[in-house]
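Down below is the structure, laid out as structure tokens.
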Amino acid sequence: MSYYRKVMKKKNEHITDSLLLRHIKGETSPEETDKILQWLEQDNKHKVQLTKIKKIWNLSAFLSEFDKINVRHDWQEVQGKIFNKEKVIKQIPFYKTIVYRYGRIAASILIILAAGIYILFRTDLHNVFQPMLTLQTTAEKSNVTLYDGTRIYLNENSTLDYPKKFFGGTRNIKISGEAFFEVAKDESKPFYISVDGAMIKVLGTSFNVQADPSENRVVVSVLEGKVALYPKNKEEMSIELNRNEEGIFKSDSLSKSELRDLNFLSWKTRKLIFDKTPVNEVILSLEKHYKKSICLENAGGRNPMVTSVFDDQPFDEVLDELEILLNISYRIRNDTVIIVLE
Amino acid sequence: MILDNKDQILYNGIKAGGKDTFQVLFEEYYLRLVIFAQKYLIDLDLSREIVQGFFVNLYEQRETITIQTSLKSYFYQSIRNRCLNVIKQENVRLAHHGKIRKILIDSENDWQDTMIESELANQIRQIVTNLPRKCRQVFKMSRQEGLSNKEISEKLNLSVRTVETHISNALKVLREKLEDYI
Numbered sequence: 001m002s003y004y005r006k007v008m009k010k011k012n013e014h015i016t017d018s019l020l021l022r023h024i025k026g027e028t029s030p031e032e033t034d035k036i037l038q039w040l041e042q043d044n045k046h047k048v049q050l051t052k053i054k055k056i057w058n059l060s061a062f063l064s065e066f067d068k069i070n071v072r073h074d075w076q077e078v079q080g081k082i083f084n085k086e087k088v089i090k091q092i093p094f095y096k097t098i099v100y101r102y103g104r105i106a107a108s109i110l111i112i113l114a115a116g117i118y119i120l121f122r123t124d125l126h127n128v129f130q131p132m133l134t135l136q137t138t139a140e141k142s143n144v145t146l147y148d149g150t151r152i153y154l155n156e157n158s159t160l161d162y163p164k165k166f167f168g169g170t171r172n173i174k175i176s177g178e179a180f181f182e183v184a185k186d187e188s189k190p191f192y193i194s195v196d197g198a199m200i201k202v203l204g205t206s207f208n209v210q211a212d213p214s215e216n217r218v219v220v221s222v223l224e225g226k227v228a229l230y231p232k233n234k235e236e237m238s239i240e241l242n243r244n245e246e247g248i249f250k251s252d253s254l255s256k257s258e259l260r261d262l263n264f265l266s267w268k269t270r271k272l273i274f275d276k277t278p279v280n281e282v283i284l285s286l287e288k289h290y291k292k293s294i295c296l297e298n299a300g301g302r303n304p305m306v307t308s309v310f311d312d313q314p315f316d317e318v319l320d321e322l323e324i325l326l327n328i329s330y331r332i333r334n335d336t337v338i339i340v341l342e
Numbered sequence: 001m002i003l004d005n006k007d008q009i010l011y012n013g014i015k016a017g018g019k020d021t022f023q024v025l026f027e028e029y030y031l032r033l034v035i036f037a038q039k040y041l042i043d044l045d046l047s048r049e050i051v052q053g054f055f056v057n058l059y060e061q062r063e064t065i066t067i068q069t070s071l072k073s074y075f076y077q078s079i080r081n082r083c084l085n086v087i088k089q090e091n092v093r094l095a096h097h098g099k100i101r102k103i104l105i106d107s108e109n110d111w112q113d114t115m116i117e118s119e120l121a122n123q124i125r126q127i128v129t130n131l132p133r134k135c136r137q138v139f140k141m142s143r144q145e146g147l148s149n150k151e152i153s154e155k156l157n158l159s160v161r162t163v164e165t166h167i168s169n170a171l172k173v174l175r176e177k178l179e180d181y182i
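Chains as they are written, first to last, in the working numbering: chain H, 1 to 342; chain F, 1 to 182.
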């Protein structure tokens, strides 16, 4: 038996993929063709192997088609059509109608007038001069330093639109999702953040903005300095938020409270700090930070306090530590962690 | 909606109109969609134009579109519809000149097959791109330029045996990586 296998193996050694390919291309000698035909008869697997190579060979014909297409070049074209469209639409009518009829001078006066009117009626006027840059995060956090020195840390699944340079008397940017700001101080140029339906006006400070479109809510937590929060286009409704205060904008109404949760910045610092924090609040912070669903079973009705610091620790470790600290047990069912207070 | 995680992120990105998302999608899908369109339209430049138009439209309509299938199916289906429209219009034009060509409408199964074929061709492209340089060069000369092993060996100053080994290696990698698809 083993001898037979050896012979078989030796025979098959001559049937390489390369030989099969030459067969497909019709380049084999009559002896080679005979050998291949014999080999095909031996085993159905051999036929399958040949079919597969044939299929790969046929589909590889597209390689030369792919080579004719320049993805980068075509993206430049599409990108131009998509992201510079606004500009193009605004320029063409001027060029075609006025420049043609009244000549250059009249046209330039009109363009200046038009630009003036346009600027008057548009608040985010930096758009007129240049396209916005976009920083978008999905699974990874990111950060950027703007032209004026302002630093912005962007949490996961968030978007920031900002100009390369700030023109005019204001600094305007737009975000969605969650971000932490360290706004460079420049009182002559207020910093405006447009987020969902809300506006935030800043003079120079650091604070966190969390927008939750599903709940139509924006939360602004101020760490330092002073900011103003108001619904878009309604600055008269503005509320002022100072150090350690939190403003909530929800469905067009505003409220303000003391900053209670010390961990609103944990996504940036990766640190969770609990100082005599009731266990139910600890669980809320953990849920948010680790993006887990946690359920508390509390038969005894007690609500013990937690004092601890978790510094970028894996979730499992945190649970183990809580188990020791609080005399709890936990189990994981589906995606939910169930914590049982003994 | 049957969107997996990656699709969901991209879908959100489309809705948000983020430039990065559109660039990622373009780089990921452009080649295969052009190859797919080319099966309907034959002409490469026309196919490029159709696919580019689709991406511009995707951006413009991003707020109103709803995608019920995977992004991939949605993209292919949209391109197919655009191609069929082009063919219909072309036929109207031809009919004016007294020439009538049969309208090509492929069945549901046929177009799924065409999609699978484009996907496979794209996978082959990706695998070949990642082959070692010499191996890739030999395989491409063999396939694209239709050269025999002997001709390749002379051009590259290699032995015929080495050329055969390169081709065998290329086929081996392709067969292994495409195991589940062909």
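The C-beta atom is built at its ideal place from N, Cα and C for all residues, glycine as well.
query	result
Proximity below 8 Å, CB of F/Asn157 to CB of F/Cys135	no
Outcome for H/Phe167 when other beta-carbon atoms lying within 10 angstroms are tallied against a minimum of 16	exposed
Three-state class that DSSP yields for H/Val183 in the structure shown	coil
Residue-level contact to chain H via CB, F/Val173, 8 Å cutoff	no
Element boundaries [alpha helix (DSSP H), containing F/Thr165]	160 to 177
9 Å Cβ cut-off: residues of chain H touching F/Arg143	Trp57, Ser60, Ala61, Leu63, Ser64
Span of the alpha helix (DSSP H), counted from its first residue to its last, around F/Asp7	5 to 16
Beta-ladder partner(s) of H/Ser329, from DSSP	H/Val340
Within the region 266 to 293 of chain H, ranges of the alpha helix (DSSP H) (whole runs, at least 4 residues)	266 to 269, 279 to 290
Beta-carbon proximity of H/Met199 to H/Lys165, cut-off 8 Å	no
H/Ser29 in three-state terms, based on DSSP	coil
Of the listed residues H/Glu27, H/Phe315, H/Leu63, nearest to H/Ile294 (C-alpha basis)	H/Phe315
Host alpha helix (DSSP H) of F/Leu58 (start-end)	44 to 60
Where the beta strand (DSSP E) through H/Gly247 begins and ends	245 to 250
Reference H/Ser194; option with closest CA among H/Ile324, H/Ile173, H/Glu156, H/Ser285	H/Ile173
Per-residue burial, H/Asp320 [other beta carbons within 10 Å of its own, 16 or more giving buried]	exposed
C-beta contact flag for F/Arg82 and F/Ile116 at 8 Å	no
F/Gln77 - partner residues in DSSP beta bridges	According to DSSP, which records beta bridges pairwise, F/Gln77 is partnered with nothing at all.
H/Arg302, DSSP secondary structure in three states	coil
Proximity test, Cβ basis, 8 Å: F/Phe209 and chain H	No information on residue 209 of chain F is available, as it lies outside the stretch 1 to 182 that chain F covers here.
Cβ-based burial, H/Asp161 [other Cβ within 10 Å; buried from 16]	buried
Sequence-distant residues of its chain with Cβ nearer than 6 Å to H/Asp124 (five each side left out)	Since pLDDT at H/Asp124 reaches only 45, below the 50 mark, its modelled position is unreliable, and no value is offered.
Boundaries (first-last residue) of the alpha helix (DSSP H) holding H/Thr145	Run containing H/Thr145: none in the alpha helix (DSSP H); it sits in the beta strand (DSSP E), 142 to 145.
Beta-bridge pairing of F/Leu84 - partner residues as DSSP gives them	For F/Leu84, which the question treats as bridged, DSSP gives no partner whatsoever.
Residue range of the alpha helix (DSSP H) that includes H/Lys52	44 to 59
Interface positions of the region 80 to 91 of chain F facing chain H (Cβ-Cβ less than 9 Å), listed along the chain	none
H/Asn244, buried or exposed, once every other Cβ within 10 Å from all chains shown has been counted against 16	exposed
Neighbouring residues, chain F, relative to H/Val282 (Cβ below 7 Å)	Going along chain F, no residue has its Cβ under 7 Å from H/Val282, so there is no contact; the nearest lies around 28 Å.
Residue(s) in a DSSP beta bridge with H/Gln210	H/Glu178, H/Val219
Where F/Leu131 sits in the DSSP three-state scheme	coil
Selected residue, minimal CA-CA separation from H/Leu154, among H/Lys55, H/Phe181, H/Asp148	H/Phe181
CA-to-CA distance, H/Thr16 to H/Asp335, given in whole angstroms	50 Å
Short CB-CB distance (under 8 Å) between F/Arg101 and chain H	Any reading at F/Arg101 must be qualified, since the residue scores a pLDDT of 43, below 50, and its modelled position is unreliable; the value itself is stated next. No, F/Arg101 lies away from the interface with chain H (no Cβ there is under 8 Å from its Cβ).
Short CB-CB distance (under 8 Å) between H/Trp75 and chain F	yes
CA nearest to the CA of F/Val31, picked from H/Asp311, H/Gly225, H/Arg72, H/Tyr147	Here residue 31 of chain F turns out to be Leu, not Val, going by the sequence shown. Taking only the C-alpha atoms, the option nearest F/Leu31 is H/Arg72.
For F/Glu151, three-class secondary structure by DSSP	helix
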